[in-house]
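Asker: Quick one: the structure is below, questions incoming.
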Amino acid sequence: MQVYHRQLASCVSQFVQKEPELGEVVIRGILKYWPVTNCQKEVLFIGELEELVETVDPQLYKELALPLCTKITKCLNSWNSQVAELAHTSGTMTILGRQVSQAMEEVFPVLLKGWRRIYKDIGAKVFDN
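Following our numbering, the residues of the sequence shown are numbered contiguously, the last one being 131.
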């Protein structure tokens, strides 16, 4: 998978750059087929999302904000530290943070729920020590 993934992701990104209206279709497809049990693939998908979110038409953010934030929030709460760290530090969070204001009413409760879970888990570990 890792052997050809970079070339395939680059090809898809260039395709979306040429045909921006297909960005929504590609991102929804990635979210639909998101790996559940394979953390290495999840890391690859986060990287691909990061690349695609940079190139997608800003008008589509309102439609994509909720599914993207839901998936990134799930990644933030992943038991795999590499997935959680990448979701936290990826450019996807930065770009979404700028664009999410268009759909704040739908997205904010999802983000708040994810952050509460993180705070609860980390806070419990910090205060137990």
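Even for Gly, the Cβ is constructed at its ideal location relative to N, Cα and C.
Keep in mind that this is a model prediction, so the values were computed, not measured.
(1) Could you work out which residue in Q19, E87 and Y63 is closest to R30 when comparing CA atoms only?
(2) Determine the DSSP secondary structure at Y63, reduced to helix, strand or coil.
(3) Would you mind reading off the limits of the alpha helix (DSSP H) that contains L33?
(4) For T75 and A89, what's the separation of their Cα atoms in angstroms?
(5) Among N79, S92, V58 and L54, whose alpha-carbon lies nearest the alpha-carbon of L152?
(6) I think E44 touches V85, with their Cβ atoms under 8 Å apart; what is that distance to the nearest whole Å?
(7) Can you tell me which of the three DSSP states P37 falls into?
Answerer: According to the data block:
(1) Y63
(2) helix
(3) G25 to K34
(4) 8 Å
(5) The structure shown does not extend to residue 152, since the chain is modelled only from 3 to 131, so the question has no answer here.
(6) 5 Å
(7) coil
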